[in-house]
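Chains as they are written, first to last, in our numbering: chain A, 1 to 108; chain B, 109 to 219.
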Amino acid sequence: GIQVEQSPPDLILQEGANSTLRCNFSDSVNNLQWFHQNPWGQLINLFYIPSGTKQNGRLSATTVATERYSLLYISSSQTTDSGVYFCVLETSGSRLTFGEGTQLTVNP
Amino acid sequence: DAGVIQSPRHEVTEMGQEVTLRCKPISGHDYLFWYRQTMMRGLELLIYFNNNVPIDDSGMPEDRFSAKMPNASFSTLKIQPSEPRDSAVYFCANGGGGRSFFGQGTRLTVV
């Protein structure tokens with residue numbers, strides 16, 4: 001099956017810092033999504049981004065499908081950004097394949 | 109739309125008991141997924157449905173697990189009998205046509 005690699009696995013930031021999370025994948029996909037799992041366990045869809053760039057407030061994402069990677073940018077990080085960020089790929093039959101996630105901790 | 113609704117939010121049960129987890133999906137999405145999340149294995153796909161029909165249940169760990177989707181508005185995941193190693197957070201998700209939406213999960217503890 002398709003392989004998804006996220007980096008870094010862990011990231012600790014001071015509030016206000018910027019960060020870039022990366023997702024590499026091994027095969028072409030139907031689409032790609034970024035999810036945030038907050039410390040309470042809730043999974044929230046951040047971006048649906050099979051290609052191109054999207055922005056939502058302090059967050060933006062870029063997917064270069066031809067080179068099989070996606071980037072999630074977090075600017076001016078806040079403590080509420082803490083949690084796990086998953087890169088999720090959709091393959092045939094709408095199956096979702098999750099990366100192992102990046103554990104982000106933003107300290108005040 | 110209230111989103112994907114799962115119940116109960118928390119369940120504590122004794123080993124050997126039957127557990128039923130419930131999911132009310134968002135209307136208009138063709139696919140429904142059940143996932144399990146543990147510290148050891150991360151998020152695992154258990155089973156998914158397309159238009160209420162089970163498509164792939166290869167992720168269901170054992171015969172003790174079963175899932176049904178009698179209509180587009182409701183799905184259940186049943187564990188009978190439950191075991192301590194079934195303790196996890198179980199997510200129901202909707203998809204198809206792009207974005208996926210997850211319920212808040214059911215945290216199951218089997219003691």
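We put the CB at the ideal spot given by N, CA and C, even for glycine.
Separation of residue j from residue i, as counted between CA atoms
i     : j      : result
A:P50 : B:G124 : 44 angstroms
A:F47 : A:T63  : 11 angstroms
A:P8  : A:R22  : 7 angstroms
A:E15 : A:S60  : 18 angstroms
A:G52 : B:T121 : 47 angstroms
Any non-hydrogen atom of the ligand NAP within 7 angstroms of residue i CB
i      : result
B:D194 : As far as ligands go, the structure on display features none, and thus does not contain the ligand NAP.
Buried or exposed by the 16-neighbour rule on C-beta atoms within 10 Å, applied to residue i
i      : result
B:P133 : buried
B:M168 : buried
B:R193 : exposed
B:D171 : exposed
B:S135 : exposed
B:V161 : exposed
7 angstroms Cβ cut-off: residues of chain A touching residue i
i      : result
B:R172 : Going along chain A, no residue has its Cβ under 7 angstroms from B:R172, so there is no contact; the nearest lies around 23 angstroms.
B:V197 : G41
B:F157 : Simply none; closest approach about 10 angstroms.
N- and C-terminal bounds of the beta strand (DSSP E) containing residue i
i      : result
B:D165 : Neither: B:D165 is in no beta strand (DSSP E) and is coded neither H nor E.
A:Q37  : 31-37
B:R215 : 214-218
B:N179 : 173-179
B:N158 : 150-158
A:I74  : 69-74
B:D194 : Counting along the chain, B:D194 falls outside any beta strand (DSSP E), and DSSP gives it neither H nor E.
B:H118 : 118-121
Chain A contact residues for residue i, given Cβ-Cβ distances below 9 angstroms
i      : result
B:H212 : At residue 212 of chain B the sequence reads Gln, which differs from the His that was named. Correct list: W40, G41, Q42, L43.
B:L129 : Residues of chain A passing the Cβ test: none, with the nearest at roughly 15 angstroms.
B:L153 : R95, L96, T97, F98
Contact set between residue i and chain A, taken where Cβ atoms lie within less than 8 angstroms
i      : result
B:W209 : The residue you asked about is not Trp; residue 209 of chain B is Phe in the sequence shown. Those are N45, listed as they occur along chain A.
Chain-ordered neighbours of residue i on chain B, where CB pairs are closer than 8 angstroms
i      : result
A:Q33  : R207, S208
A:E100 : G150
Closer than 9 angstroms at the beta carbon, the chain B residues around residue i
i     : result
A:Y48 : G206, R207, S208
Next item on the list: For the segment 11-26 of chain A and the segment 35-44 of chain A, state whether three or more C-beta atom pairs, one from each stretch, are separated by less than 8 angstroms.
Entry: no
Notebook entry, point to check: Touching or not, the segment 82-89 of chain A and the segment 171-182 of chain B, by the rule of three or more beta carbon pairs under 8 angstroms?
Noted result: no
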